[in-house]
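Residue numbers (this note's numbering): 446 to 689. Take a look at the structure below.
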């Protein structure tokens, strides 16, 4: 494994809460390495060894989104494999059969904000951080899976502003729009997340999983079936990252 990906970690604590720690030493981009860590958490949910899942970012950065080096990868087979992996992993987080919490430790931009909204609850920190889905500003067309997750997380009244305008917001505005559920002081963040995870872990898992599937399953399966088609529509553009 490459050095910058060495710090992604997974563990299950004594309360049967699974923890995924994303830390690539840089911007916590979403790629095959981070997806592998996320899959560890999802697998723990599937084999009933965990009753809740917390996805942690590193200090000041939750995730900056999809690794753009892979978006621009000239080998179409390699590019498609990684982008498909990210898409299916994000949908797997969104439909995980146990409660999921995003411990949003700082910036959450583009796919990083989508990852946060793929979790059932999102706890951020107050401070000079930016959160939002700015794909429109980057000349990117959203894939279906990202729109499905964003619409489920955001308040409906904010869909046009957040999705179409592509701005980035401070934590307080992120709460107002639904990117976050709550933003707390940094010194209170770990305790707030831990208390919430313990509370949610007490919910009957069978009923939680069944009701989540009723809530999200149809849309998730539709989005999953469109992953290959979506990649040709927006993520392969050689204009990505240009401002005009």
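Just so you know, even glycine gets a beta-carbon here, dropped at the ideal spot from N, CA and C.
Item: Residue 691, DSSP secondary structure in three states; Value: Here the chain covers residues 446 to 689 and nothing more, so residue 691 does not appear.
Item: Residues of its chain near residue 689, where Cβ-Cβ distance is below 8 Å and the 5 sequence neighbours each way are ignored; Value: For residue 689, the pLDDT reaches just 45, beneath the cut-off of 50, and the residue's location in the model is therefore unreliable, although a value from the coordinates is still provided. Correct list: empty, nothing qualifies.
Item: Proximity below 9 Å, CB of residue 638 to CB of residue 474; Value: no
Item: Cβ-Cβ distance between residue 582 and residue 557 below 9 Å; Value: no
Item: Presumed contact (8 Å Cβ cut-off) between residue 501 and residue 568, rounded CB distance; Value: About 10 Å separates the two Cβ atoms, so there is no contact after all.
Item: Simplified DSSP state of residue 545, which is helix, strand or coil; Value: strand
Item: Close-in-space but distant-in-sequence residues of the same chain around residue 497 (CB under 6 Å, 5 per side omitted); Value: 462, 543, 544, 642, 645 and 646
Item: Continuous alpha helix (DSSP H) assignments of at least 4 residues falling wholly in the stretch 550-626; Value: 556-563, 589-598 and 616-622
Item: Euclidean distance between Cα positions of residue 668 and residue 593; Value: 7 Å
Item: Per-residue burial, residue 657 [other beta carbons within 10 Å of its own, 16 or more giving buried]; Value: buried
Item: Burial state of residue 649 (16 or more Cβ within 10 Å); Value: exposed
Item: Member of 676, 512, 548 and 615 whose CA lies at the smallest distance from the CA of residue 469; Value: 512
Item: Buried versus exposed call for residue 522 [16 or more other C-beta atoms within 10 Å across all chains shown]; Value: exposed
Item: CA-to-CA distance, residue 676 to residue 621, given in whole angstroms; Value: 31 Å
Item: Any non-hydrogen atom of the ligand GTP within 8 Å of residue 484 CB; Value: Absent from the structure shown: the ligand GTP. Ligands present: none.
Item: Per-residue burial, residue 530 [other beta carbons within 10 Å of its own, 16 or more giving buried]; Value: buried
Item: Residues sharing a beta bridge with residue 510, DSSP; Value: 474
Item: Sequence-distant residues of the same chain with beta carbon closer than 6 Å to residue 681, five excluded per side; Value: In this prediction, residue 681 scores a pLDDT of 43, lower than 50, which makes its location untrustworthy; no coordinate-derived value is stated.
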